[in-house]
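These notes concern the structure reproduced below.
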Ligand code: NAD
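The following block contains the structure:
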């Protein structure tokens, strides 16, 4: 009974997924399994990051790749980019380093190359520029390599710029003005995106509170931007205009939403909603939610625009400003139809896919 359960779950996952292709690859040398999910190629080749992680079960790894690839389809469609959604997961027994890591990424690159450009990847959790450079030694179908290797570098800074424009658009919708002067913004996560976002917000006159599970990081960013550090256990109960989750996913759930004391949730974290009920709860509480895959698309827009579409810096700036405009449209549609902003974003994504 227990033995047949995992197989059954694999079958259920494959049958209920609405994507196109799953590639399953065994990397015997490292003891890893690799799942590459091409959720949609309707608008172009499937694009998405490569996540490396130790999973409890392979079912969880496949589920992660499936879910994340579907989110990429929506993200790239709403951003108006000629790409479909994909995602790869390397389920490792432990995170490798040194020569073993390099060898794993070279073998993985051969797998990406074998897909002939139908899947194009970049970095994600536990992978970065250096890994993308290694992949680039074997295949051209990689984004987000280092500047030295001909790539556009880290996507975190343009992601932060996109979130900044998204916060302004959200303020404008909620308060009738996008002025950040005197607004209180809680930034959760003082990492690549959160710390750059804190700079932009503070420069525009906002009071920034920074929370990170690493208090030293929170302190450093807060000091730099003239804000204050906030203990992570006070995140939800702190009065603020905007709560900007820039750390982990699934933070909006049936327990956290009732505790929130903000007017707006707008941040970079992927998969913020633990379940669709959280979006309805936010809507019912009158908290304006900036759908994650719309507001956090700046990094994807930058790497595709700069590396694939040959954009100039000013074309990129215009595209990042457009994130705010897209959010305004989503908010207006949500108001007009009396639906949550998450649902309005999904409708917009579906429309973009259907015009193809
Ligand atoms: P990062 O790893 O550089 O920073 C994350 C920070 O969050 C770290 O400082 C970490 O200590 C902190 N943290 C982790 N768990 C926390 C918790 N529970 N409470 C408070 N702080 C916590 O990551 P990043 O690149 O800044 O990305 C942040 C989020 O944005 C992630 O969810 C990521 O998936 C998403 N995202 C990032 C990009 C990008 O371009 N980097 C693009 C789209 C989405």
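Numbering (my numbering), first residue to last: 1 to 356. A virtual CB, placed ideally from N, CA and C, is assigned to each residue, including glycine. Keep in mind that this is a model prediction, so the values were computed, not measured.
Exposed unless 16 or more other CB atoms sit within 10 angstroms - verdict on residue i
i, result
"residue 318", "exposed"
"residue 275", "exposed"
"residue 313", "exposed"
"residue 93", "exposed"
"residue 234", "exposed"
"residue 75", "buried"
"residue 352", "buried"
"residue 203", "exposed"
"residue 183", "buried"
"residue 254", "exposed"
"residue 1", "Because the pLDDT of residue 1 is 40, which lies under 50, any placement of that residue in the model is unreliable, and the number read from its coordinates should be weighed accordingly. Flag for residue 1 reads exposed."
"residue 40", "buried"
"residue 315", "exposed"
"residue 223", "exposed"
"residue 177", "exposed"
"residue 51", "buried"
"residue 296", "buried"
"residue 263", "buried"
Residue(s) in a DSSP beta bridge with residue i
i, result
"residue 207", "184"
"residue 37", "22 and 87"
"residue 264", "242 and 288"
"residue 142", "121"
"residue 52", "90"
"residue 27", "32"
"residue 47", "85 and 120"
"residue 228", "209"
Proximity test, residue i beta-carbon vs the ligand NAD heavy atom, cut-off 6 Å
i, result
"residue 190", "yes"
"residue 224", "no"
"residue 89", "no"
"residue 159", "yes"
"residue 120", "no"
"residue 359", "The chain is shown from 1 up to 356; residue 359 falls before or after that span and cannot be answered."
"residue 246", "yes"
"residue 269", "yes"
"residue 253", "no"
"residue 214", "yes"
"residue 193", "yes"
"residue 220", "no"
"residue 232", "yes"
For residue i, the three-state DSSP class (helix, strand or coil)
i, result
"residue 158", "helix"
"residue 3", "Interpretation of residue 3 is limited by its pLDDT of 49, a score under 50 that renders its predicted location unreliable; the figure taken from the coordinates is listed afterwards. Looking at residue 3 - three-state DSSP - the assignment turns out to be coil, as it is neither helix nor strand."
"residue 252", "strand"
"residue 273", "strand"
"residue 310", "coil"
"residue 129", "helix"
"residue 102", "helix"
"residue 147", "coil"
"residue 96", "coil"
"residue 42", "coil"
"residue 301", "helix"
"residue 295", "helix"
Proximity test, Cβ basis, 7 Å: residue i and chain C
i, result
"residue 314", "Among the protein chains of the structure shown there is no chain C, as only one such chain exists."
Any non-hydrogen atom of the ligand MN within 6 Å of residue i CB
i, result
"residue 126", "For the ligand MN, the structure offers nothing, since it holds only the ligand NAD."
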